[in-house]
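So in the UniProt record's numbering, the last spot in the sequence shown is 362, and the numbers never skip.
All C-beta atoms, glycine included, are put in the ideal place defined by N, C-alpha and C.
Treat the numbers as computed from the prediction; the structure is a model and nothing was measured.
This report refers to the structure that appears directly beneath it.
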Amino acid sequence: MKDAFDLVLVKRGTKEVVFRADYANTTQVEWKADRVFAKKKGANAIAFDAARTSEMTVETEIIDFRLMALLAGKEAKRGADSVFKTEKFTLTNDRQIKLENVPEAGSVSVFRLNKDGITHDQAIPQQVNGEATSVPVMVENVSVSAKDTTAAITWGASANADSYVVYRDNVQIGQPTQTSFNDSDLTPEKTYKYKVVAVNKNGASAPSAEVVVTTATAGTQQAGEAVKATSEAIEAAKKVAEVVNANGLNFTLKENGLIQLSEAAVAGADYVVYYTTQLDGLTSFSIDANTFAENYEIYAESYVVERETGDRHFIQVHYPNVKPQGNFNFNQNSKEPTSLSIKFDLLPDENDHMANYKIVED
1 MKDAFDLVLV KRGTKEVVFR ADYANTTQVE WKADRVFAKK KGANAIAFDA
51 ARTSEMTVET EIIDFRLMAL LAGKEAKRGA DSVFKTEKFT LTNDRQIKLE
101 NVPEAGSVSV FRLNKDGITH DQAIPQQVNG EATSVPVMVE NVSVSAKDTT
151 AAITWGASAN ADSYVVYRDN VQIGQPTQTS FNDSDLTPEK TYKYKVVAVN
201 KNGASAPSAE VVVTTATAGT QQAGEAVKAT SEAIEAAKKV AEVVNANGLN
251 FTLKENGLIQ LSEAAVAGAD YVVYYTTQLD GLTSFSIDAN TFAENYEIYA
301 ESYVVERETG DRHFIQVHYP NVKPQGNFNF NQNSKEPTSL SIKFDLLPDE
351 NDHMANYKIV ED
């Protein structure tokens, strides 16, 4: 017999073909059993065999992702899915970049490449202008009125915000969609710091100016005078927002994957854009922590050659109960083809059969 087996996997008990692989480079079946001996005067005299096990190893350099999905206990699905994309551009005088695909909201990152054409430094910020494709502008006019154990926080609406994240002492305490929030379970006569961040599908704004307020003495039910941020805190927040807004170098995301860089961007320089997009016609599957392959049957097919005549005869081995092992190796390097090494445990069926060999001689 020469050549590796061609393999046909079927669902157990149904004969429904799941997969055929006729490209394996090697198929190796190893049989093992436990053996103990009864001894006569210290020498082995009678052998007792039990607990036969078997394992099939398949090596291939032709990768069908349906097979990998099967090993993961999943079905390969065909359809649309999110894909991470990388695109490089040499910036033209109009300072526009047209992506191949429409990016998903909030997924675009733009960098100027270094001279090596590979590495890059800090990301170019997206211009914050309150438009539909921009992150929201910074929240302003945050006001806090405190009682002994509660505080009411209000603020001005931020253009194009979907919700607001409220922070107390740099810890998120709520995310309302309206422009107010009530905090509770506070300690009387304690100082707290509040700030608000506007959020939409594109990302988050710079934090608002921080408001520092002290709760009233225990038992106070009348809210004190509303407290707002100091002028120093407002100026500090605006400076942070200016960095985020990047009044010099920035980009604006237009419709249909068009990116407009500001005049500070260097025409003729190389830039790279990272983003995610929805693409159709994809084959995809996932490998999950607690999902594993089912049991199958395998029909392994090859040919044997008679020594005397050279005649070829078809041989088929039926393994009635096999289970792919959870361990498999997917090997990639720059010098050799990618290879996949998988193993199947060959188990006994209901009749205690593990393999049935059939040779067609006529």
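Item	Value
Given that a residue counts as buried once 16 or more other Cβ atoms are within 10 Å of its Cβ, and exposed if not, what is THR14?	exposed
Tell me which residue opens and which closes the beta strand (DSSP E) that PHE19 is part of.	17-21
So LEU70 is in the alpha helix (DSSP H); what residue range does that whole segment cover?	65-71
Any idea if SER231 is buried or exposed, counting beta-carbon neighbours within 10 angstroms, 16 or more meaning buried?	exposed
Beta-carbon within less than 6 angstroms of GLY73's beta-carbon, same chain only, minus the 5 sequence neighbours each way: which residues are those?	THR291, PHE292 and ALA293
Is the Cβ-Cβ distance between PRO176 and ALA218 less than 9 angstroms?	no
Can you give me the C-alpha to C-alpha distance between GLN96 and ALA105, rounded to a whole angstrom?	19 angstroms
Report yes or no: do the segment 133-149 and the segment 207-215 share at least 3 C-beta pairs separated by less than 8 angstroms?	yes
Could you give the distance in angstroms between the alpha-carbon of ASN93 and the alpha-carbon of ASN101?	22 angstroms
For a test of the three-state rule: what should DSSP assign to GLU30, helix, strand or coil?	strand
Roughly how many whole angstroms lie between the Cα atoms of residue 364 and ALA146?	Residue 364 lies beyond the residue range present for the chain, which begins at 1 and ends at 362; the question has no answer from this structure.
Would you mind giving the Cβ-Cβ distance between ILE111 and VAL272, rounded to the nearest angstrom? I have them listed as a contact below 8 angstroms.	Contrary to the premise, residue 111 reads as Phe rather than Ile in this sequence. Right, the Cβ-Cβ distance comes to about 5 angstroms (below 8 angstroms), so this counts as a contact.
With a threshold of 8 angstroms, are at least 3 pairs of Cβ atoms found where one atom belongs to the segment 303-312 and the other to the segment 21-31?	no
Leaving out the 5 sequence neighbours to the left and right, which residues in its chain are closer than 6 angstroms to ALA198 when beta-carbon positions are compared?	PRO136, VAL139, SER158, ALA161, TYR164 and SER205
Which same chain residues, not among the five before or five after GLU361, have their C-beta less than 6 angstroms away from its C-beta?	HIS313
Less than 9 angstroms between the beta carbons of ASN25 and ALA4, yes or no?	yes
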